[in-house]
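Chemist: Counting from 3, one number per residue, gives the positions in the sequence shown under the working numbering. Using N, Cα and C, we set each Cβ at its ideal position, and we do this for glycine too. No experiment lies behind these values; they were computed from the predicted model shown. Below are the structure tokens for one structure; questions will follow.
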Amino acid sequence: MAETRHGIPPEFLDAADEFVQLANKMTDSHAREWVAATMMYACARFNAFAWLTRDGKPDQTLDAAAAYYAAEFEKMLRDNVVELAPHYRDAAAGRTGTQ
Numbered sequence: 003m004a005e006t007r008h009g010i011p012p013e014f015l016d017a018a019d020e021f022v023q024l025a026n027k028m029t030d031s032h033a034r035e036w037v038a039a040t041m042m043y044a045c046a047r048f049n050a051f052a053w054l055t056r057d058g059k060p061d062q063t064l065d066a067a068a069a070y071y072a073a074e075f076e077k078m079l080r081d082n083v084v085e086l087a088p089h090y091r092d093a094a095a096g097r098t099g100t101q
């Protein structure tokens, strides 16, 4: 199986991009902050479902699961900011003519 940056398989990133594309479409009629909040809520709701119906880790507590999800979200957020920030800085510099 081919892997991309951070060892993430391309099909994983493609699936994530489907959610991002839906979110981008929703920003046509809603504020970005609203879309971000609904995505976070949907993610929490699905993760609650996944945790409640899990086959593995039957002894994992809700506190342990919440700590895991929070830590993973923070890592993913930070990784994405590091990856995307230069692109947004470059785009902003192109619009203003400065760097």
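Alpha carbon to alpha carbon, how far is His-32 from Ala-39? Give it in angstroms, no decimals.
Modeler: Between Ala-39 and His-32, the C-alpha separation is close to 11 Å.
Chemist: Indicate the three-state DSSP secondary structure (helix, strand or coil) for Phe-96 in the structure shown.
Modeler: With the sequence shown as reference, residue 96 is identified as Gly, and Phe is not the correct amino acid for it. Three-state result, Gly-96: helix.
Chemist: To the nearest angstrom, report how far apart Tyr-70 and Ala-25 are at their CA atoms.
Modeler: Those two C-alpha atoms are separated by around 24 Å.
Chemist: According to DSSP, is Asp-61 helix, strand or coil?
Modeler: In this structure, Asp-61 counts as coil in the three-state DSSP scheme.
Chemist: Since Arg-56 is in the alpha helix (DSSP H), which residue starts that stretch and which ends it?
Modeler: From DSSP, Arg-56 is part of no alpha helix (DSSP H); its letter is neither H nor E.
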